[in-house]
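According to full-length UniProt numbering, the residues represented by the first sequence are 1 to 117, in order. Structure first, commentary second.
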Amino acid sequence: MKADAGTQRRGEILMSTYDNIYAIVRQIPKGRVATYGQVADLAHLYGKARLVGYALYQVDERLSDIPWHRVINSKGEISYSPLRHGGDYRQRYLLEQEGIIFSPEGRVNLREYKWQP
DNA sequence: CGATTGACATATC
DNA sequence: CGATATGCCAATC
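This is the structure:
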């Protein structure tokens with residue numbers, strides 16, 4: 001059965017697509033990271049990783065309590081955006097504070113840090 | 001309201 | 001490893 005484009009029914013609560021993504025990101029434990037693809041998968045949005053990135057982009061503006069910094073791309077690298085707020089390295093700094101080690105290339109070891117639900 | 005863009009992913013060359 | 005191509009969907013122009 002297919003869910004509607006914008007919303008899908010879960011129990012008796014109607015959740016918008018983005019709220020679904022937010023719910024997943026909130027569940028990422030400290031010291032772990034998740035890829036956009038993984039979040040999309042868990043949010044029943046397999047193959048739509050772009051929506052995850054777009055959703056998180058808005059999260060930052062909303063200053064939500066969502067740990068957006070724990071979401072990185074499948075290469076284990078932080079995706080930067082020149083359009084984002086000034087502090088580009090903020091994400092990396094936050095991850096390092098959680099004990100995540102970055103490679104000299106600016107990547108993390110997904111085999112070890114990737115969140116496994 | 002049509003066209004463009006964008007925190008991505010996967011496959012192929 | 002990187003350049004190119006395709007899919008995917010919402011927000012923005």
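Where is the CB? At the ideal position from N, CA and C, for every residue including glycine. Here the structure is a predicted model, which means the values were calculated and not measured.
(message) I'd like the span of the alpha helix (DSSP H) that includes residue 56, first residue to last.
(response) Position 56 of the first sequence holds residue 56. Secondary structure note for residue 56: its alpha helix (DSSP H) is the uninterrupted segment 49-62.
(message) What does the Cβ neighbour count give for residue 62, buried or exposed, with the cut at 16 atoms within 10 Å?
(response) Translated into positions along the first sequence, residue 62 becomes position 62. Classified as exposed, residue 62 has fewer than 16 neighbouring CB atoms from the shown chains inside 10 Å of its CB.
(request) To the nearest angstrom, report how far apart residue 99 and residue 31 are at their CA atoms. (result) Residue 99 sits at position 99 when you count from the first residue of the first sequence. Residue 31 sits at position 31 when you count from the first residue of the first sequence. If I take the Cα positions, the gap works out to 6 Å.
(request) Would you kindly check if the distance between the Cβ of residue 73 and the Cβ of residue 43 is under 8 Å? (result) By 1-based counting over the first sequence, the position of residue 43 is 43. By 1-based counting over the first sequence, the position of residue 73 is 73. No.
(message) Here's a check: name, in chain order, each residue in its chain whose Cβ is nearer than 8 Å to the Cβ of residue 6, leaving out the five neighbours to either side.
(response) Looking up residue 6 in the first sequence gives position 6. Note on residue 6: pLDDT 49, under 50, position unreliable in the model; the coordinate value appears next. Spatial neighbours of residue 6 in its own chain (CB-CB distance under 8 Å, excluding positions within 5 residues in sequence) are listed in chain order as 16, 17.
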